[in-house]
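Novice: Right, I'll just put the structure down here and ask away after.
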Amino acid sequence: MNPLTRLRQVVQPGTGHRRATRRPRRAEETVPLVVLMRPTEAMVNDLAYCPAEERTTLHAFLRTGGRVCWTCRTRTLHDPLTSTPTTGGAE
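All the letters of the sequence shown, read from the start, carry residue numbers 1 to 91 under UniProt numbering.
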C-alpha cells in the first residue's frame with residue numbers, strides 16, 4: 001500500500017462513500033454461558049393435540065402450566081405439571 005494512502009487513512013479515516021467511519025462499540029456486559037443456558041421454565045417435549053393445527057404435533061410442556069406448539073407457536077393453557085409421585089407409590 002502506498003505510504004501516502006496509509007498516512008491519509010490515519011489522519012482522516014473513512015472519507016469515502018463506502019467507507020463510513022466506524023463508531024467505537026460500547027462495552028457490553030458479558031454474560032456467562034451457564035447463565036444463558038439455564039432454563040427459565042423446565043420444559044418437556046411430547047406429542048399433544050394442537051387446536052390451531054387441528055392435529056397432534058410436538059409441544060413443549062411448561063413447568064408453570066400450559067404448552068407451546070413447536071409448529072405454530074400456539075400456547076394452550078392447562079394446570080402445571082408436577083413430577084412428584086403420588087402418595088403410596090405407583091399403582
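Just so you know, even glycine gets a beta-carbon here, dropped at the ideal spot from N, CA and C.
Computed from a predicted structure; not experimentally measured.
#1: Compute the distance between the beta-carbons of cysteine 69 and histidine 78, then report whether it is under 8 Å.
#2: Compare the beta carbon distance of arginine 67 and proline 80 with 8 Å and say whether it is the shorter of the two.
#3: Whose CA, out of Thr76, Cys72 and Phe61, lies closest to the CA of valine 44?
#4: Rounded to whole angstroms, what is the Cα-Cα separation between leucine 33 and arginine 75?
#5: Using the Cα positions of arginine 8 and arginine 73, report the straight-line distance between them to the nearest angstrom.
#6: Since aspartate 46 sits in a beta bridge, which residues does DSSP pair it with?
#7: Among Thr30, Thr71, Glu29 and Gly65, which residue has its Cα nearest to the Cα of leucine 47?
#8: Cutting at 8 Å between CB atoms, please list the residues of its own chain near cysteine 50, excluding the five before and the five after it.
Specialist: By the coordinates alone:
#1: With respect to the 8 Å criterion, cysteine 69 and histidine 78 are not classified as neighbours on the basis of their beta carbons.
#2: No. Outside cutoff.
#3: Phe61 is the residue among Thr76, Cys72 and Phe61 whose C-alpha sits nearest the C-alpha of valine 44.
#4: Counting only the Cα atoms, arginine 75 lies some 28 Å from leucine 33.
#5: Distance between the alpha carbons of arginine 8 and arginine 73: 54 Å.
#6: Paired residue(s): His59.
#7: For the residues Thr30, Thr71, Glu29 and Gly65, the minimum Cα distance to leucine 47 belongs to Thr71.
#8: Counting only Cβ-Cβ distances below 8 Å, and skipping sequence neighbours, we find Thr56, Thr57, His59, Cys69, Thr71, Cys72, Thr74 and Thr76.
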